[in-house]
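S.K.: Each residue of the sequence shown is one higher than the one before, starting from 1 at the first, in full-length UniProt numbering.
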Amino acid sequence: MKALCGLEDCDCGHTIGRLQEEVDSLRTALNQDGHVLEFRKSGWAIEHPVECRSGSLLDCRFNFLCEEMGGPPEEGLGRYKAAIGADGTLILAAIKEAKP
Numbered sequence: 001m002k003a004l005c006g007l008e009d010c011d012c013g014h015t016i017g018r019l020q021e022e023v024d025s026l027r028t029a030l031n032q033d034g035h036v037l038e039f040r041k042s043g044w045a046i047e048h049p050v051e052c053r054s055g056s057l058l059d060c061r062f063n064f065l066c067e068e069m070g071g072p073p074e075e076g077l078g079r080y081k082a083a084i085g086a087d088g089t090l091i092l093a094a095i096k097e098a099k100p
């Protein structure tokens, strides 16, 4: 397999498959699977997955969609798994926190 550096005979080991394994390993270690939004009385925050960290987090589409919401969803404050629907709208699913 050709290395990402572009050289056929390079032994740097940076193949796409190897880098994907590293990303998957980080995602597992950080317990991340997509975007998580947290709505609090004081505002909102986003936990970005590993893939977003290679660029500017402020350019992430989820930031713009959260700003457009203008506040928490009807379900209220809390943590939500987030996705972007085929029509470009934000889809939220409440994360039920385990009681201690």
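Built from N, CA and C at the ideal position, the CB exists for glycine as well.
It should be emphasised that the depicted structure is a prediction, and the values quoted were computed from it without experimental measurement.
I84 and L90: beta carbons closer than 8 Å?
M.R.: Yes, these two residues count as a Cβ contact at 8 Å.
S.K.: Could you check where the alpha helix (DSSP H) with E38 kicks off and where it finishes?
M.R.: Not the alpha helix (DSSP H): E38 falls in the beta strand (DSSP E), residues 35-40.
S.K.: Do you know offhand how far K41's Cα is from G71's?
M.R.: Between K41 and G71, the C-alpha separation is close to 9 Å.
S.K.: Any idea if L37 is buried or exposed, counting beta-carbon neighbours within 10 angstroms, 16 or more meaning buried?
M.R.: With 16 or more Cβ atoms within 10 Å of its Cβ, L37 is classed as buried.
S.K.: Let's test the definition: count the other Cβ atoms within 10 Å of the Cβ of L77 and tell me whether it reaches 16, buried, or not, exposed.
M.R.: Exposed, because fewer than 16 other Cβ atoms sit within 10 Å of the Cβ of L77.
S.K.: How would you call L65, buried or exposed, if buried means at least 16 neighbouring beta carbons within 10 angstroms?
M.R.: Buried, since its Cβ has 16 or more Cβ neighbours within 10 Å.
S.K.: E97 by DSSP, collapsed to three states: which one?
M.R.: Of the three classes helix, strand and coil, the one that applies to E97 here is coil, per DSSP.
S.K.: Please work out which residues of its chain come closer than 7 Å, Cβ to Cβ, to C52, disregarding the five sequence neighbours upstream and downstream, and give them in chain order.
M.R.: The residues are C60.
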